[in-house]
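Position one of the sequence shown corresponds to residue 3 (our numbering), numbered consecutively onward.
Even glycine gets a Cβ: it sits at the ideal position worked out from N, Cα and C.
This report concerns only the one structure given below.
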Amino acid sequence: MLHSKSNSAEEPLFINLTPMIDVILTLLIFFMAATKLYDWDEQKLDVQVPIVSSAQPLTDAPDDIKLRVSREGTIAYNEDVIDVAEMKRRLQTARRNYPDQGVMIRADGRVAHQKVAEVMSACHAAGIGRILFSVREVADE
Numbered sequence: 003m004l005h006s007k008s009n010s011a012e013e014p015l016f017i018n019l020t021p022m023i024d025v026i027l028t029l030l031i032f033f034m035a036a037t038k039l040y041d042w043d044e045q046k047l048d049v050q051v052p053i054v055s056s057a058q059p060l061t062d063a064p065d066d067i068k069l070r071v072s073r074e075g076t077i078a079y080n081e082d083v084i085d086v087a088e089m090k091r092r093l094q095t096a097r098r099n100y101p102d103q104g105v106m107i108r109a110d111g112r113v114a115h116q117k118v119a120e121v122m123s124a125c126h127a128a129g130i131g132r133i134l135f136s137v138r139e140v141a142d143e
């Protein structure tokens, strides 16, 4: 007959908690030190912020300008229908106010390529380098 030792006679299993406690204490010390470094303020560093007579608050950069070109070649700047000269003026103003301004061009697929090239040329002349094109994905059949 085979005799096996019963589990009750064996030494009980235990989990070694020492590595876990070491990691927790290391993290605690790290976060305490990081908090102390982050807690510096202007008085502790003896920094005097310059004073100006007038300042404008920063505003978030607006979304990309949406330029729509219809089949007939009509241009819409966001929702306003405008001509090419007005579009150039508005693009230059937007670029002056927000150097990272982007443009989203949504052109009708049947419009003459020359009209889209005019819009791209106006963006380039205004200094806008981030030009995106809106397209439609073909549905899977």
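*CB contact flag (Val-97, Ile-130, <7 angstroms)*: As a working note, residue 97 is residue 95 in the sequence shown. As a working note, residue 130 is residue 128 in the sequence shown. The sequence shown places Arg at residue 97, not Val. Contact flag set, yes.
*For the 8 angstroms Cβ check, are there 3 or more pairs between the segment 67–81 and the segment 29–38?*
no
*What separation, rounded to the nearest whole angstrom, lies between the Cα atoms of Arg-132 and Ser-56?*
Here residue 132 refers to the residue found at position 130 of the sequence shown. Here residue 56 refers to the residue found at position 54 of the sequence shown. For Arg-132 and Ser-56, the distance between alpha carbons rounds to 32 angstroms.
*Rounded straight-line distance, which links the Cα of Arg-138 to that of Ala-128*: Within the sequence shown, residue 128 is the residue found at index 126, counting from 1. Within the sequence shown, residue 138 is the residue found at index 136, counting from 1. Cα to Cα, the separation comes out at about 27 angstroms.
*What did DSSP end up calling Leu-19 once you bin it into helix, strand or coil?*
Along the sequence shown, one-based indexing puts residue 19 at 17. Leu-19 falls in the coil class under three-state DSSP.
*How about Val-86 and Ile-107: do their beta carbons lie closer than 7 angstroms?*
Locating residue 86 in the sequence shown gives position 84, counting from the first residue. Locating residue 107 in the sequence shown gives position 105, counting from the first residue. Not in contact: Val-86 and Ile-107 (Cβ atoms no closer than 7 angstroms).
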